[in-house]
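Notes to accompany the following structure.
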Amino acid sequence: MWRACLESLPTRVNLAKKQIVESSKCPICKSEEENVAHALWNCSSAMDVWSQTQSGLQKCSFRYANFRELVEALMSHYDQDSLEKFVIIARNIWHRRNQFVFENAFTHPNALVKKSRKTLEEYKVLQQKQMKQHGRNAQIQNRWQPPPIGVTKINWDASLNEDRGRAGFGLVARDHTCSILATKKLSKPCLMDPLLAESMGGLYAADMAYEMDCRLVILEGDSLTIVQGIEKQIDRWDRVGMILSDIKHRLVSLTSWRVSHVKRCGNVHAHNLAKEAVLSPGDVVESVDFSANLAHVNT
Ligand SMILES: [Zn+2]
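Whatever position you read off the sequence shown (first residue = 1), add 559 for this note's numbering.
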């Protein structure tokens, strides 16, 4: 879906730009240029499918110059269920288009809608299973666990102080031997919103990974909502949502990253640093790099 929003699907318009095909016309209706919005929505063959869905999506029958605009419009009008349905049908429309181009076969709109419904049901079952599994994993993760060899784990926590109108953040980076590589204490003005503070803590943890040039990193926090918000494509349009997407952008530059949840009792070190930080006036309270000491001990 992200590829579609970025207009990077191999549509005729994109292939013509790269001079792989001569015509940018839609291979199905042959009447208009085939960009992503056309292939998945504007084309009469796509509209035949959308008109078969009983989701209200077909009522959104405007034409959109680009796919991103369409997705944004849908996001502001439809709930999560409808959007999931939209994503699966759009994906199947693209598959059908490819089948038509490469195999000269064409699925009937009804069959495509039926198949999409089945896929969605399967997806829901899988999602439920994963949520249950996640619950079980969270139970196991009561204690702090060291990361695998070569991986840095950065734990974060946030602590709010209403009188001071500030949030304190504690960050601690450790390696597989449980050695502390670096710690950080930050204190920032913040609204008294625990979720917002936790998301900011996640962002500082991502910044720390970047500053430390950690290529393989696990970020770990004790707010399940924020951890899930970072690891899944959850759409939130509040400040927390914006910070979550900032975190993801920061993490993209790393070779490999993962985010994990730990119960509060497994996040004590970061928690204590956050508690200390919130009582301090400056923004950066303390930043300690222990890696030089470690190197010194090793040599
Ligand atoms: Zn067409």
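C-beta atoms are modelled at their ideal positions from N, C-alpha and C, and glycine is treated no differently.
These numbers were taken from a predicted model, which means no experiment stands behind them.
Mind listing which residues have their beta carbon within less than 5 Å of any non-hydrogen atom of ligand 1? Chain order is fine.
585, 587, 588, 602
Sort 718, 708, 817, 748 by Cα distance to residue 826 and report the nearest one.
718
Mind listing, in chain order, the continuous beta strand (DSSP E) runs of no fewer than 3 residues lying wholly within the stretch 689 to 735?
711 to 720, 725 to 733
Rounding to the nearest angstrom, what Cα-Cα distance links residue 574 and residue 648 in this structure?
23 Å
Taking the alpha-carbon positions, what's the residue 644 to residue 755 distance?
Going by C-alpha positions, residue 644 is about 30 Å away from residue 755.
By how many angstroms is the C-alpha of residue 603 removed from the C-alpha of residue 590?
The alpha-carbon atoms of residue 590 and residue 603 are separated by roughly 10 Å.
Just verifying my parser: in three-state terms, what is the DSSP assignment at residue 774?
coil
Comparing C-alpha positions only, which one of 629, 729, 849, 734 sits nearest to residue 835?
729
Between the stretch 662 to 681 and the stretch 783 to 794, do three or more beta carbon pairs fall short of 8 Å?
no
Touching or not, the stretch 767 to 785 and the stretch 706 to 724, by the rule of three or more beta carbon pairs under 8 Å?
yes
Assign residue 579 to one of two classes, buried (16 or more other C-beta atoms within 10 Å of its C-beta) or exposed (fewer than that).
exposed
How is the alpha helix (DSSP H) around residue 784 delimited, first residue to last?
783 to 790
Please state if the CB of residue 743 and the CB of residue 812 are separated by a distance shorter than 7 Å.
no
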